[in-house]
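Just add 2 to wherever you are in the sequence shown, counting from 1, and you've got the numbering used here.
Backbone N, C-alpha and C define an ideal beta-carbon position, used for all residues, glycine too.
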Amino acid sequence: MSGYYFLMDVGGTTIKVNCLNEKREPLFITNREFPARSQADKATILTNFQHIMISINQEIMAQGYELLGVGVAFPGPFNYQEGYSLMKGMRKYDDIYRVNLKALIKEWLVSYFQLEVPVVFENDATSFGLGEYDQRHSLEPGRGIYLTLGTGCGSAFIAAGQLVHGYGLNDQGMLYDSPFKESRIDDYLSANGLRLLSEMYYQEPLTGYQLFLKSEQGEAEALQVFAEFGQWIVEALEPFVDRFKPDELVFGGEISASLPYFYPALVKFGDLAIRKSQNTSLATLQGLTTLLQTR
Numbered sequence: 003m004s005g006y007y008f009l010m011d012v013g014g015t016t017i018k019v020n021c022l023n024e025k026r027e028p029l030f031i032t033n034r035e036f037p038a039r040s041q042a043d044k045a046t047i048l049t050n051f052q053h054i055m056i057s058i059n060q061e062i063m064a065q066g067y068e069l070l071g072v073g074v075a076f077p078g079p080f081n082y083q084e085g086y087s088l089m090k091g092m093r094k095y096d097d098i099y100r101v102n103l104k105a106l107i108k109e110w111l112v113s114y115f116q117l118e119v120p121v122v123f124e125n126d127a128t129s130f131g132l133g134e135y136d137q138r139h140s141l142e143p144g145r146g147i148y149l150t151l152g153t154g155c156g157s158a159f160i161a162a163g164q165l166v167h168g169y170g171l172n173d174q175g176m177l178y179d180s181p182f183k184e185s186r187i188d189d190y191l192s193a194n195g196l197r198l199l200s201e202m203y204y205q206e207p208l209t210g211y212q213l214f215l216k217s218e219q220g221e222a223e224a225l226q227v228f229a230e231f232g233q234w235i236v237e238a239l240e241p242f243v244d245r246f247k248p249d250e251l252v253f254g255g256e257i258s259a260s261l262p263y264f265y266p267a268l269v270k271f272g273d274l275a276i277r278k279s280q281n282t283s284l285a286t287l288q289g290l291t292t293l294l295q296t297r
């Protein structure tokens, strides 16, 4: 009987799900997506989680697969070791504050499937970094910085397959709250940063996707927005690149689709290999699989 891992990438709007076999290959060609219902009450949020988990696992087990483990990527703040959310006042998942999701998942697995398997939780950006590190073009151990650019700036610094701290990073090994310009990196290397820049050229805030479409059409103002955004990335990352000395820099998240438009500024990093993720969510799920396979 072939084994598989059940994996969830939990966001504020959608929950993306896939199952990977022991060779880390997805069983679904594309991720299944479900509404997150993150602003609902506790019962609705938990019932939604339970429905997703039970229905997908029933479908896969009916094909003769054996569940080996469960991995869940969740945004912070979150207690990943114990498995409960610490989000409060963030307009998402407020009603499951400190609810032990790990214990609930284990209960559901026993109740529905009479199974006890490992359950891991990890930060979504950390999971992304682990997944992308495993896809390195080089077989040699190396050092990489992995960024997810979207509503915020998620990050993971990895050396020889291990998450690292220090190098000016915070206690979590992340850079989002590092001082930058008038506030912190998270406010600039994100959708908010693109809005700030777009207001300078369009007198109104535009989304990253709107700017991407305008850049695809060759609109000078949008191209300039991304050029300056690239400069911000260089300014923000330069101290970390100098200290950590990575051999690759990988971008994920919605804004990564615009890498061709902010890439020119990044040439300042010299021979640092720079690429964008082929599939941010799949890389995140593969990172969870790494955690389950190496625990």
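Coarse secondary structure for residue i, derived from DSSP in three states
i      : result
ILE56  : helix
MET202 : helix
VAL166 : coil
GLU68  : strand
TYR135 : helix
ARG297 : coil
GLY175 : coil
PRO266 : helix
ALA158 : strand
ILE47  : helix
ALA259 : helix
CB-CB length for residue i against residue j, believed under 8 angstroms
i      : j      : result
THR16  : PHE36  : 7 angstroms
ALA224 : LEU213 : 5 angstroms
TYR6   : ILE56  : Contact flag wrong, Cβ pair sits at about 15 angstroms.
PHE242 : GLY170 : 6 angstroms
VAL121 : PHE76  : That belief does not hold up - the Cβ atoms of VAL121 and PHE76 are roughly 12 angstroms apart, past 8 angstroms.
SER279 : SER258 : 6 angstroms
VAL252 : GLY146 : 6 angstroms
DSSP bridge partner residues for residue i (one or two, in chain order)
i      : result
MET10  : VAL19, VAL74
PHE36  : ILE17
GLY254 : THR150
PRO143 : DSSP, once it has assigned bridges, lists no residue as partnering PRO143.
GLY289 : BP columns for GLY289 are empty, so no partner.
PHE123 : VAL74
ALA193 : According to DSSP, which records beta bridges pairwise, ALA193 is partnered with nothing at all.
PHE182 : SER185
ILE276 : LEU251
PRO207 : DSSP lists no partner for PRO207.
Own chain, CB closer than 8 angstroms to residue i, minus 5 neighbours either side, in chain order
i      : result
ARG186 : TYR178, ASP179, SER180
ILE58  : PHE8, VAL19, CYS21, ARG34
SER192 : LEU151, GLY152, THR153, GLY154, CYS155, ILE257
Own chain residues within Cβ distance below 6 angstroms of residue i, not counting five before or after
i     : result
TYR82 : PHE123, GLU124
Minimum Cβ-Cβ distance from residue i to chain C less than 9 angstroms
i      : result
TYR204 : In the structure shown, chain C does not exist; there is a single protein chain.
*Runs of alpha helix (DSSP H) lying entirely within the region 77 to 121, each at least 4 residues, in chain order*: 103 to 115
*Residue ranges of each beta strand (DSSP E) run of no fewer than 3 residues wholly in the region 211 to 243, ordered along the chain?*
none
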